[in-house]
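The block underneath contains the structure these notes are about, expressed in structure tokens.
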Amino acid sequence: DASFPTLRDKVIAIAENLEWKTAIPRVHAQLDFLQDVQTEAFWQGVTLPQLEEIRRRLRDLVGHVDRATRQPLYTDFRDDDTFVREVSLPLTTTGVNVAQYRKKVEQFIRAHEDYWAIHRIRAGIPLQASDLTTLEVFFYQADEVGGRAQFEEAFGPQE
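If you want it as structure tokens, here you go:
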């Protein structure tokens, strides 16, 4: 269905908003779930029963979403167990979700703080031109970063 990417992005936006509400016990109890829903891997190969589980788990939490960002999401589900079929949802992307992409890149950098070039930057030690080239290769070849083109799509051209 062509509307799947748009609806998926709305669910991710709801989960992002709720992730900041961990002072609410019901939300805090679902924190791992909310963080998982925001990842690309979670949505790969998602099934209809999984979508129903997502709907049920978010239903109890959606009341805590900030009213300024809350927009109605209309659904037309009919509970009819007589007709169930498996469908294949193609993995489509709607571009780079900058907030999610930024989280992923920051996690990658934190996970590799011991890499010599990142360590030197954090310590305020100047890098040579060859060091920068090596760092670029290391950084842009990482799966989390997705390459220079994806990085520049999210953050603009880098010089």
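In short: position in the sequence shown from 1, add 93, done, that's this note's numbering. Every residue, glycine too, gets a C-beta built ideally from N, C-alpha and C.
Sequence-distant residues of the same chain with beta carbon closer than 8 Å to residue i, five excluded per side
| i | result |
| --- | --- |
| Val180 | Leu141 |
Continuous alpha helix (DSSP H) stretch holding residue i: start and end
| i | result |
| --- | --- |
| Gln225 | Going by the sequence as given, residue 225 is Leu instead of Gln. Counting along the chain, the alpha helix (DSSP H) containing Leu225 begins and ends at Ala222 to Tyr233. |
Residue j beta carbon less than 8 Å from that of residue i
| i | j | result |
| --- | --- | --- |
| His157 | Ile105 | no |
| Arg77 | Glu206 | No information on residue 77 is available, as it lies outside the stretch 94 to 252 that the chain covers here. |
| Glu112 | Gln128 | yes |
| Ile218 | Ile211 | no |
| Ile107 | Leu144 | no |
| Phe231 | Tyr208 | yes |
| Asp153 | Arg119 | yes |
| Glu109 | Gln131 | yes |
Simplified DSSP assignment, three categories, for residue i
| i | result |
| --- | --- |
| Thr99 | helix |
| Ala108 | helix |
| Gly138 | coil |
| Arg150 | helix |
| Gln193 | helix |
| Glu199 | helix |
| Ala216 | coil |
| Trp209 | helix |
Sequence-distant residues of the same chain with beta carbon closer than 6 Å to residue i, five excluded per side
| i | result |
| --- | --- |
| Tyr194 | Ala247 |
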